[in-house]
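Heads up, the thing below is written out as structure tokens.
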Amino acid sequence: MKSAAFRAAALALVVGLAACKKEKEETDTTKVPGFDVSSLDSTARACDDFDKYANGGWKKNNPIPGTESRWGAFGILDKENKEVRLKGIIEEITKVQDRKKGTEEQQIADYYQSFLDTATVEKRALEPLKPYLDKINAIASLKDLASVAGEMQKVGVESVTGFGVEGDLRNSKINVLYQGQDGLSLGERSYYERADSSTVKVRSEFVKHIDKMFSMAGFPEANPGQTILDFETKVARLQLTNVELRDPVKTYNRMSFADFEKLIPDFDQKTFAEKQDVKTDTLIVQNKPYLQNLNKLLKATPIATLKLYTKWQLLSRFAGYLPKQFDQEDFRFFATVMRGTKQQKGRVERAIRSTDGLLGMPLGKLFVKKYFPEEDKKKVSEMIENVRTVYGERIDKLTWMSDSTKAKAHKKLKAFTYKIGYPDKWKDYSSIEIAPDKLFENVISASLYAHKENVKKIGKEVDKKEWLMTPQTVNAYYNPLNNEVVFPAGILQPPFYNRNADDAINYGGIIAVIGHEFTHGFDDQGSQFDDEGNLKNWWTAADRTNFDKLTKRYIDYFSGIEALPGFKINGALTIGENVADLGGLTLAYYALEKSFNGKEPEPIDGFTWKQRFFLGWAQVWHMNTTDEALRNQVQTDPHSPARDRINGPLPHLKEFQAAWSCGAGSKMVLPDSSRIVIW
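Numbering follows the UniProt record's numbering, in which position 261 of the sequence shown is assigned residue number 261; successive positions increment by one, without gaps.
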């Protein structure tokens with residue numbers, strides 16, 4: 001079951017980060033530079049292209065590994081966390097004899113072993129899919145389709161519509177059922193509409209990919225690829241764009257389940273829901289016209305095509321757990337064609353990541369015991385409060401906001417809560433059945449557990465202690481419904497947070513990240529939620545107009561940046577992240593300045609604290625990216641490309657211009673009339 005509701009985006013799902021650190025370095029109390037000057041490109045000018053200046057040397061010396069589509073700070077740290085630290089934890093567990101059934105150790109070790117047991121996977125071939133294929137083949141009507149699709153949604157197989165559960169946007173204390181659009185294999189509507197050669201090639205390869213998958217499976221249908229592309233294209237044209245989906249008001253349509261059924265009467269939603277064990281009298285519908293138009297499309301589509309599409313979704317969902325030929329072909333299209341990844345990770349590395357994907361919290365419990373000192377939690381708490389204080393001061397200085405709205409902004413800021421490192425309470429996963437020789441069944445068991453946990457929440461009070469990320473995740477997020485910022489232990493490591501580095505590097509790294517997440521509470525989406533996490537206007541009309549004018553200018557600014565020839569950044573899609581970056585940098589800079597109490601620190605490596613602050617930010621976002629991944633990102637991702645997360649906001653900061661003594665004609669400098677200051 002997927003969440004169809006709005007949630008403010010997390011810091012960055014674009015991944016890539018710093019070099020692996022040895023245990024001795026992690027516990028050493030000696031101050032370290034924190035920024036490697038070999039990362040610099042001395043032939044570039046900081047005032048013309050700061051990314052090239054700060055990261056040119058690093059980019060030259062860190063080409064993208066064949067197993068990656070992009071390579072930078074997030075990904076390197078993620079690799080360290082998973083392929084070194086988690087690997088060590090898992091290998092220790094596998095050596096333990098007589099593991100008790102239902103324990104975290106038994107589940108982790110046996111799942112890991114089942115993923116590595118390729119002989120059994122090859123021997124079983126497509127046999128695990130047979131019960132589902134039999135049901136698909138027996139579909140004779142739209143009602144049958146609803147029944148089968150509902151049952152398969154419980155194990156993560158997509159259809160053209162889906163349910164999700166989370167807090168009610170207008171009553172954030174109670175969980176509610178959401179319904180949303182779904183079912184596009186290429187992920188986003190633009191992939192079905194753009195006429196440029198690279199996107200046309202993706203569609204052509206998509207057709208070939210499906211044809212090959214069906215051929216390998218021995219399925220009898222002719223031309224499945226083109227049939228499915230044609231159907232998904234029709235579905236895509238009915239869906240909201242990823243920009244339209246950012247509007248929490250437009251996508252919040254509360255209604256009775258009976259009225260919901262009337263929107264799409266020929267696709268039996270009652271059966272669809274019952275097969276998912278969903279029971280509710282009311283729900284939130286994302287897009288009413290979509291359902292009405294989808295009903296017409298489903299009626300006009302031959303049952304044979306709908307069965308074909310359902311069979312494809314099943315095959316695609318489980319390709320990575322099937323024999324090697326399916327796994328490799330799935331990688332070829334979704335990783336190589338879509339993102340430019342040249343080679344697949346080894347089976348051991350993938351086994352670790354798959355174990356992390358299914359049993360991330362049990363693994364996280366072991367991870368934090370070994371790799372997250374409690375003193376870091378205290379230090380990060382102090383930094384968060386520093387950011388809160390500076391944010392309050394920034395609100396007071398705003399010239400475009402009235403006193404009445406400022407008072408409510410302060411109320412929301414004061415109500416911010418935060419989570420650091422890992423959950424205070426760990427869930428019980430003991431009911432997940434895991435066996436060392438049944439990879440497919442293990443995936444099904446974990447999927448059914450997650451589904452059941454979600455369904456149980458409907459109509460119940462929101463558990464504000466719940467985490468939406470595992471502790472080992474290299475990421476952070478703001479949840480508007482809880483009005484909270486969350487920082488997993490996984491990101492609280494160099495170069496984001498380096499306890500042995502000088503303050504300027506840390507403020508440019510983790511403090512700017514903290515400021516980024518705080519600012520999400522006041523970006524174009526988060527600003528529509530009040531201090532209790534409810535979708536409720538707390539602005540005067542004039543103040544909202546002023547805010548919208550500022551964000552519109554920032555949208556236009558980023559929309560003018562070309563990531564690749566013919567592919568410009570979508571300023572409307574990325575506005576929330578771009579505002580958060582600008583706000584995060586501003587807050588972190590002034591929090592750093594405040595921390596010095598008027599005392600000027602000595603330069604390090606010839607750089608002042610002001611310069612090192614911006615080097616710290618650039619270091620967080622240094623990244624090499626394939627063209628394919630970059631094209632995919634600008635079409636689907638609410639985050640701007642890494643280079644533009646560095647160079648994009650800096651020209652709007654007078655502080656950057658002053659730090660690097662940039663002249664008025666420099667490329668990284670904007671005239672005062674073009675600079676945008678929001679928070």
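Built from N, CA and C at the ideal position, the CB exists for glycine as well. Here the structure is a predicted model, which means the values were calculated and not measured.
Straight-line measurement puts the Cα of residue 442 at about 8 angstroms from the Cα of residue 432. With 16 or more other CB atoms across the displayed protein chains lying within 10 angstroms of its CB, residue 551 is buried. Segment contact: the stretch 508-525 against the stretch 621-634, fewer than three CB-CB distances shorter than 8 angstroms; contact not assigned. With contacts defined as CB atoms closer than 9 angstroms, residue 34 and residue 501 qualify as a contacting pair. Exposure of residue 605 is indicated by the presence of fewer than 16 other C-beta atoms within 10 angstroms of its C-beta.
Counting C-beta pairs with one atom in each stretch, the stretch 181-190 and the stretch 343-352 have fewer than three that are closer than 8 angstroms, which means they do not touch.
About 12 angstroms separates the Cβ atoms of residue 526 and residue 482, ruling out a contact at the 8 angstroms cut-off. If you look at residue 477, you'll find it in the beta strand (DSSP E) that goes 477-479. Short of 6 angstroms from the beta carbon of residue 269, and not among the five residues preceding or following it, lie these beta carbons of its own chain, in chain order: 261. For residue 338, the three-state secondary structure derived from DSSP is helix. Distance from the CA of residue 58 to the CA of residue 239, rounded to the nearest whole angstrom, comes to 41 angstroms. Shown here for residue 347: same chain residues with a beta carbon closer than 8 angstroms to its own, the five before and five after excluded, namely 115, 116, 118 in chain order. In the three-state reduction of the DSSP assignment, residue 418 falls in the strand class, which pools E and B.
DSSP, reduced to helix, strand and coil, places residue 372 outside both helices and strands of the structure shown, so it counts as coil.
In this structure, residue 280 sits near residue 273, with a CB-CB distance shorter than 9 angstroms. With contacts defined as CB atoms closer than 9 angstroms, residue 366 and residue 93 qualify as a contacting pair. The beta carbons of residue 54 and residue 614 sit closer together than 9 angstroms. For the pair of segments examined, the stretch 316-327 was found not to touch the stretch 194-204: the number of CB pairs separated by less than 8 angstroms stays below three.
Counting only unbroken stretches of 4 or more residues, the alpha helix (DSSP H) elements lying wholly within the stretch 280-316 are 288-300, in sequence order. Shown here, residue 181 sits in a strand according to DSSP, grouped into three states. Three or more Cβ pairs drawn from the stretch 164-178 and the stretch 457-467 lie within less than 8 angstroms of each other, which places the two stretches in contact. Less than 9 angstroms divides the Cβ of residue 107 from the Cβ of residue 434. Taken in chain order, the complete alpha helix (DSSP H) segments of 4 residues or longer contained in the stretch 503-538 are 503-506, 512-520. Exposed is the label assigned to residue 237, since fewer than 16 other Cβ atoms lie within 10 Å of its Cβ. Between residue 594 and residue 389, the C-beta spacing is below 9 angstroms. In the three-state reduction of the DSSP assignment, residue 251 falls in the coil class, being assigned neither a helical nor a strand state. Spatial neighbours of residue 139 in its own chain (CB-CB distance under 8 angstroms, excluding positions within 5 residues in sequence) are listed in chain order as 145, 148, 303, 306, 307, 310. Buried is the label assigned to residue 104, since at least 16 other Cβ atoms lie within 10 Å of its Cβ.
Taken in chain order, the complete beta strand (DSSP E) segments of 3 or more residues contained in the stretch 601-662 are 623-625. Nearest to residue 223 by alpha-carbon distance, out of 235, 543, 209, is 209. DSSP places residue 161 in the strand class (E or B) of the three-state scheme.
By the 16-neighbour rule on beta-carbons within 10 angstroms, residue 596 is exposed. Contact between the stretch 447-455 and the stretch 553-563 is absent: fewer than 3 CB-CB pairs across the two stretches fall below 8 angstroms. If you draw a straight line from the Cα of residue 585 to the Cα of residue 496, it is about 13 angstroms long. Note on geometry: alpha-carbon atoms of residue 362 and residue 546 lie some 47 angstroms from one another. With contacts defined by Cβ atoms closer than 9 angstroms, residue 672 and residue 569 do not form a contacting pair.
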